[in-house]
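These notes concern the structure reproduced below.
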Amino acid sequence: MLPTPPSSGDLSKKFVYALTVIYTVRHTQSMNTIEAIAEPHRRLILDQLRLGERSVNILVGSLDLSQPAVSKHLRVLRDTGLVHVRSHGQQRLYSVCPETLVELDDWLAPYRAMWRTSLDKLEQHLNEVQTNGDEK
2 MLPTPPSSGD
12 LSKKFVYALT
22 VIYTVRHTQS
32 MNTIEAIAEP
42 HRRLILDQLR
52 LGERSVNILV
62 GSLDLSQPAV
72 SKHLRVLRDT
82 GLVHVRSHGQ
92 QRLYSVCPET
102 LVELDDWLAP
112 YRAMWRTSLD
122 KLEQHLNEVQ
132 TNGDEK
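Start counting at 1 in the sequence shown, then tack on 1, and there's your number in my numbering.
This is the structure we're talking about:
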């Protein structure tokens, strides 16, 4: 739920309100993105869409899900900005929105760096253990 905008003419209150709304919307979208891809069927749908644009019927045919289930998952993915939909005649075609994935990738970057550092330390430790074991 977004905060109520200030009714007074105080510019500083309007500025704080604007920042709060921006933070709330972005934070909520980020959390929704993570929650959306946490569901295994949605990841399968994203995997299918990564191959190219697909209709609901094509997705139903390639997944072990009913049409209503696929539509429900597509709605969540669309609402979180992970997929884009366009009309083509009677069909609605879905495709991956890479921009949202780039934002998620940017957020994950520090965690990947942390893992690389930890794995480098582990490799160094294992090499030292092996070297010390060879010397005996």
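Glycine is no exception: its CB is placed at the ideal position from the N, C-alpha and C atoms. Owing to the predicted nature of the structure, the values given are computational and were not obtained by experimental measurement.
query	result
In terms of residues, what are the limits of the alpha helix (DSSP H) holding Q49?	P41 to R51
Quick one: Cα of H89 to Cα of G82, how far?	20 Å
Could you round the C-beta distance between I38 and L47 to whole angstroms and report it? I think they count as a contact, below 8 Å.	7 Å
For I35, which of S72, T132 and D106 has the nearest alpha-carbon?	D106
If we call anything under 8 Å between Cβ atoms a contact, is R43 one with L78?	yes
Enumerate, from N- to C-terminal direction, the unbroken alpha helix (DSSP H) stretches of 4 or more residues contained entirely within the region 81 to 128.	none
Roughly how many angstroms lie between the CA atoms of Q68 and G134, to the nearest whole one?	60 Å
Taking only three categories from DSSP, how would you classify S67?	coil
For Q30, which residues in the same chain have their Cβ closer than 7 Å to its Cβ, ignoring the five residues on either side in sequence?	Low local confidence applies: a pLDDT of 49 at Q30 is under 50, so the model's placement there is unreliable, with the coordinate-based value given in what follows. Cβ within range, chain order: T81 and G82.
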